[in-house]
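A.B. asks: Take this structure, written in structure tokens, and hold onto it; I'll ask about it next.
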Amino acid sequence: MNEKIILFGGTFDPIHKGHIEVAQSALEKIGAGKIILIPARRSPHKNKQPVAADIDRIAMLQLAVNSNKAFQISNIELNRAEPSYTIDTIHQLREKFGDDCDFYWLIGADMLKDLPLWHKINDLLDECNICVMNRGGYEKPDFNSLRRKLSPEKTEKLRQNMIETPLIEINSTEIRQRLFNEQDVSQFLHPDVLDYIKRRKLYIAKD
Ligand code: ATP
């Protein structure tokens, strides 16, 4: 049987307990032994840019998953030239791991609406399993809404690959805002990540 490898891309600005808990649940539900976290690069073409530097986002990822052997971190997207597309990441990882593995690419329910717009989405859906996860604070994924943008087969594959992860209402935007306002964020973050943020004075007003 092919090895199952989970891929989890994101801005991780910063990584929070929501990311970790759904990733852990996906590992169990998919029955994979490995999950690779893939921080997204800064893109001059996107309006939403990470606030923290790449080096800090990587350091926080390392601290958050340090004790968990199933988790790995890849700088594959940080090191690649623009434009950076998920399909390119899949191709690079296919080269690295060979044909005897199946890739599972995780996305939260909030991402489903824009998924049909992803670069070469039909190839991507053929070359890996895109797994939509529940996300606290968002509606349950509505696969019927994709029908006009994707073929019935692709829509059905997405529906079949959906993972019933726990509903956790945490997002990085709120964490950054709370840090900026000097409010407590300890329930949302791994303690070592919070410690790093404080030491490096991330997400606060710069004078
Ligand atoms: P921001 O608030 O800055 O947009 P975020 O909390 O959405 O950040 P990202 O790093 O952008 O975090 O998310 C990476 C991936 O993780 C996305 O697919 C997103 O949908 C998913 N994700 C993030 N938080 C959760 C959560 N609490 N539950 C389920 N999925 C999540």
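The opening residue of the sequence shown carries number 6 in the working numbering; numbering runs sequentially from there. We put the CB at the ideal spot given by N, CA and C, even for glycine.
1. Please identify the residue among N84, G38 and F148 whose C-alpha is closest to the C-alpha of P44.
2. Please list the segments of the alpha helix (DSSP H) lying wholly inside the segment 53-121, counting only runs of 4 or more residues, in order along the chain.
3. Is F108 near the ligand NAP, judged by its Cβ being under 8 Å from some heavy atom?
4. Relative to the ligand ATP, what is the chain-ordered list of residues with a Cβ closer than 6 Å to any of its non-hydrogen atoms?
5. Could you check the C-alpha separation between F102 and I41 for me, to the nearest Å?
6. Does DSSP classify E8 as helix, strand or coil?
7. Identify whether P196 lies in helix, strand or coil by the three-state DSSP scheme.
8. I'd like to confirm the pairing. Which residues does DSSP put opposite P44 in its beta bridges?
9. Report the rounded CA-to-CA distance for E161 versus Q54, giving the unit in angstroms.
10. Along the alpha helix (DSSP H) that carries V27, what are the first and last residues, could you check?
11. If you draw a straight line from the C-alpha of F17 to the C-alpha of C106, how long is it?
12. Output needed for L199: all residues of its chain with C-beta closer than 7 Å, excluding positions within five of it in sequence on either side, in chain order.
13. With distance defined between alpha-carbon atoms, name the residue in P19, D131 and K34 nearest to H96.
14. Identify the continuous alpha helix (DSSP H) that holds I126 and give its terminal residues.
15. By a C-beta neighbour count over all protein chains shown, 10 Å radius and 16 as the cutoff for buried, is P157 buried or exposed?
16. Determine the contact status of A69 and D197, defining contact as a CB-CB distance below 9 Å.
17. Kindly confirm or deny that the segment 9-29 and the segment 116-127 touch, where touching means at least three C-beta pairs closer than 8 Å.
18. Helix, strand or coil for I202, going by three-state DSSP, please let me know.
19. Any chance the segment 131-145 sits against the segment 26-40, with 3 or more Cβ pairs inside 8 Å?
20. Mind checking which residues open and close the alpha helix (DSSP H) that includes E179?
C.D. replies: Walking through what the data contain:
1. N84
2. 59-70 and 91-102
3. The ligand content of the structure shown is limited to the ligand ATP, which means the ligand NAP is not among them.
4. G15, T16, F17, D18, G23, H24, V27, I112, G113, D115, M116, M138, R140, G141, I173, I175, N176, S177 and T178
5. 12 Å
6. strand
7. helix
8. G15
9. 33 Å
10. K22 to I35
11. 26 Å
12. V190 and S191
13. D131
14. I126 to E132
15. exposed
16. yes
17. no
18. helix
19. yes
20. S177 to F185
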